[in-house]
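S.K.:
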């Protein structure tokens, strides 16, 4: 991802669950994104670190989550809007939509 040197980047954690965890063999990854970012940027940075998520979890043309997956910010709100304001050390859960308790 090409960034303007004046853009403030923050490090966030992407926690992987279900098939995403099985495909990557990772519980989480760390990515850097601008404070004012987009869901597309988050997905793109996630794919940069975990290309095995391509097509199974994240479509690449256009970049978007498959309907069977969702993202949740800090365990409180689902990411549905394209524009997001992220804080340092935020955690985004990449979870199957059918997850239960």
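Numbering (the numbering used here), first residue to last: -11 to 89.
Glycine included, C-beta positions come from ideal geometry on N, C-alpha and C.
Note that the structure is a prediction, hence the values are computed from the model and not measured.
How many Å lie between residue 51 and residue 77 at the Cα?
M.R.: The residue labelled residue 51 in the question sits at position 63 within the chain shown. The residue labelled residue 77 in the question sits at position 89 within the chain shown. When rounded, the distance between both Cα atoms is 24 angstroms.
S.K.: Quick one: is residue 10 buried, meaning 16 or more other Cβ sit within 10 Å of its Cβ, or exposed?
M.R.: Within the chain shown, the letter at position 22 stands for residue 10. Exposed, since its Cβ has fewer than 16 Cβ neighbours within 10 Å.
S.K.: Decide if residue -5 is buried, meaning its Cβ has at least 16 other Cβ atoms within 10 Å, or exposed.
M.R.: As a first step, residue -5 is located in the chain shown; it is residue number 7 there, counting from the start. Residue -5 should be labelled exposed.
S.K.: Where does residue 41 land, buried or exposed, given buried means 16+ other C-beta within 10 angstroms?
M.R.: Taking the first residue of the chain shown as position 1, residue 41 is located at position 53. With 16 or more other Cβ atoms within 10 Å, it is buried.
S.K.: Cβ of residue 2 within 9 angstroms of Cβ of residue 24?
M.R.: By 1-based counting over the chain shown, the position of residue 2 is 14. By 1-based counting over the chain shown, the position of residue 24 is 36. Contact flag unset, no.
S.K.: Roughly how many angstroms separate the alpha carbons of residue 105 and residue 46, rounded to a whole number?
M.R.: There is simply no residue 105 to check, as the chain begins at -11 and stops at 89 in what is shown.
S.K.: Can you list, in chain order, the residues of its chain with a C-beta nearer than 8 angstroms to that of residue 5? Leave out the 5 residues immediately preceding and following it.
M.R.: By one-based count along the chain shown, residue 5 stands at place 17. Closer than 8 angstroms at the Cβ level, and outside the excluded window around residue 5, lie 81, 82, 83, 84 and 87.
S.K.: Per DSSP, which one or two residues make a beta bridge with residue 26?
M.R.: Taking the first residue of the chain shown as 1, we reach residue 26 at position 38. In the DSSP output, where bridge partners are listed per residue, residue 26 has 71.
S.K.: Do you know offhand how far residue 29's Cα is from residue 21's?
M.R.: The residue labelled residue 29 in the question sits at position 41 within the chain shown. The residue labelled residue 21 in the question sits at position 33 within the chain shown. Rounded to whole angstroms, residue 29 to residue 21 spans 7 angstroms at the Cα level.
S.K.: Is it buried or exposed for residue 0, if we count other Cβ within 10 angstroms and need 16 for buried?
M.R.: For the purposes of this step, residue 0 is identified with residue 12 of the chain shown, where counting begins at 1. By the neighbour-count rule (16 or more Cβ atoms within 10 Å), residue 0 is buried.
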